[in-house]
């Protein structure tokens, strides 16, 4: 669905390396994902993937990054970027009518082992007006 | 002069547990705590523990943790707003085309 929202989607090499197996590896084979090198990697206390995502965004003056990790998310916010997380994207997909409901996506994430506990699950569904 | 020592022993000294095993457990507990507090990411856990991203996600999940567990109701409210704004932007962009 990302391709409906963005004209170009960039992935730094470290993130590509992290997606060694499973669905992520297959997804990255789509032509709308551009794996591009990062020239200047920021010295940050984060994982290689997070560092390269932030560095690439600054290097190419791209405002939006997609991350589910709190540290890069907050760093991006503090430094003028506009981070989004998967949940925000799922809500956007629903609003844009690419999906009917948030719930099946959350269920699939839970089945995959995302560890979304019941209280949070219920709160998300409540706020997404599905309860 | 007496030779003095102040120690802060961990319980493995007293209980006779395997120090390596305890060290590993303490390391794991620390990693999980840091993840819970948002101080380290899945990517870092994978790097530091020699796991793949999927394995690291499975590992934190087996301890009842995930990136989403740090979301408060306020954060969810903001996320819903941001998601709606993202969809609105897409709508406008499609209309402009």
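Protein chains in written order, with our numbering: chain G, 37 to 167; chain U, 621 to 717. The beta-carbon is built from N, C-alpha and C at its ideal position, and this holds for glycine as well. Quick caveat: nothing in here was measured; it's all calculated off a predicted structure.
DSSP, read as helix, strand or coil, puts residue 102/G in strand. Neighbourhood of residue 163/G in chain U, by CB distance below 9 Å: 693, 696, 697, 699 and 700, in chain order. Contact annotation for residue 646/U against chain G: no contact, minimum CB-CB distance about 21 Å [criterion: below 7 Å]. A straight line joining the alpha-carbon of residue 146/G with that of residue 157/G spans about 9 Å.
For the pair residue 712/U and residue 670/U, the Cα-to-Cα distance works out to about 45 Å.
When the beta-carbon positions are compared, residue 90/G and residue 658/U stay at least 8 Å from each other. The continuous beta strand (DSSP E) containing residue 69/G extends over residues 69–71. Close partners of residue 680/U in chain G (Cβ separation under 8 Å): 151. By the Cβ test, the region 660–668 of chain U is in contact with the region 78–89 of chain G, since at least three Cβ pairs between them sit closer than 8 Å. With a threshold of 8 Å between beta carbons, residue 131/G makes contact with chain U. Nearest C-alpha to residue 46/G among 64/G, 37/G, 140/G and 54/G: 64/G. Taking C-alpha positions only, residue 135/G is separated from residue 41/G by approximately 14 Å.
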